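Novice: The numbers in the sequence shown follow our numbering, run straight up by one, and end at 123.
Quick reminder that beta carbons are idealized off the backbone N, C-alpha and C, glycines included.
None of the values given here were measured: they were computed from a predicted structure.
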Amino acid sequence: QPPPTCLDDSVTLKQGVMNRSKLIEGGKRLRKNWSNCYLAVTHYYLLFFKDMKSAQSGSKPEIIIDLTGAMISWSPEKSSRKNCFQVSTVAGQQVLLQEECALTCKEWFDLIKNAIHRLPMV
Ligand code: I3P
Numbered sequence: 002q003p004p005p006t007c008l009d010d011s012v013t014l015k016q017g018v019m020n021r022s023k024l025i026e027g028g029k030r031l032r033k034n035w036s037n038c039y040l041a042v043t044h045y046y047l048l049f050f051k052d053m054k055s056a057q058s059g060s061k062p063e064i065i066i067d068l069t070g071a072m073i074s075w076s077p078e079k080s081s082r083k084n085c086f087q088v089s090t091v092a093g094q095q096v097l098l099q100e101e102c103a104l105t106c107k108e109w110f111d112l113i114k115n116a117i118h119r120l121p122m123v
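#1: For the beta strand (DSSP E) holding CYS102, just list the boundary residues, first then last.
#2: Can you give the Cα-Cα distance for THR13 and THR43, rounded to whole angstroms?
#3: On the criterion of 16 or more Cβ atoms from any shown chain inside 10 Å, does CYS38 qualify as buried, or is it exposed?
#4: Should LYS79 be counted as a contact of the ligand I3P given a C-beta to heavy atom distance under 8 Å?
#5: Rounded to whole angstroms, what's the CA-CA distance from ILE64 to TRP75? Just pull it up for me.
#6: Provide the residue span of the alpha helix (DSSP H) that contains ALA56, from first to last.
#7: According to DSSP, which residues form a beta bridge with TYR43?
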């Protein structure tokens, strides 16, 4: 399944605003830097857009996370912020996601976890 080039509502399981911090990219640990972004979850990918407007106007995702073989875990030790979880990919990317509302955050977590678990193991 090739990564989507833009937001496609017909394959999107959930979309909305989340706080994101990239931890590792291309094997390099990055300086922690939280930003507000617009996240869309599909069966295969997480797509990160700058904001809702850019997502809905057909922009390319800023970051694409391949869920095949990915791992997800709550990671309270990784931040002073509450409700943080981490997604790590086979390719070695790591992102932290956070949302103030515990219930909303758990909805995202469970959805992404279920998407990962429906995909084949690698
Ligand atoms: C980081 C920044 C992050 C913070 C991180 C700091 O400082 O304040 O927001 O993460 O904490 O190091 P800087 O901007 O100077 O790089 P949290 O907000 O998630 O706590 P950490 O080093 O304990 O991860």
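Specialist: In this structure, then:
#1: Residue mapping note: residue 102 aligns to position 101 of the sequence shown, counting from 1. CYS102 -> no beta strand (DSSP E), and no H or E assigned at all.
#2: As a working note, residue 13 is residue 12 in the sequence shown. As a working note, residue 43 is residue 42 in the sequence shown. Those two C-alpha atoms are separated by around 5 Å.
#3: Counting from 1 along the sequence shown, the entry for residue 38 is found at position 37. Buried, because 16 or more other Cβ atoms sit within 10 Å of the Cβ of CYS38.
#4: By one-based count along the sequence shown, residue 79 stands at place 78. Yes - the ligand I3P has a heavy atom lying nearer than 8 Å to the Cβ of LYS79.
#5: Position 63 of the sequence shown holds residue 64. Position 74 of the sequence shown holds residue 75. Distance between the alpha carbons of ILE64 and TRP75 is about 21 Å.
#6: For the purposes of this step, residue 56 is taken as the residue at position 55 of the sequence shown. It spans 53-57 - the alpha helix (DSSP H) in which ALA56 sits, taken as one unbroken run.
#7: Along the sequence shown, read from residue 1 onward, the residue named residue 43 stands at position 42. Looking at the sequence provided, one finds Thr at residue 43 rather than Tyr. Bridge partners of THR43: THR13.
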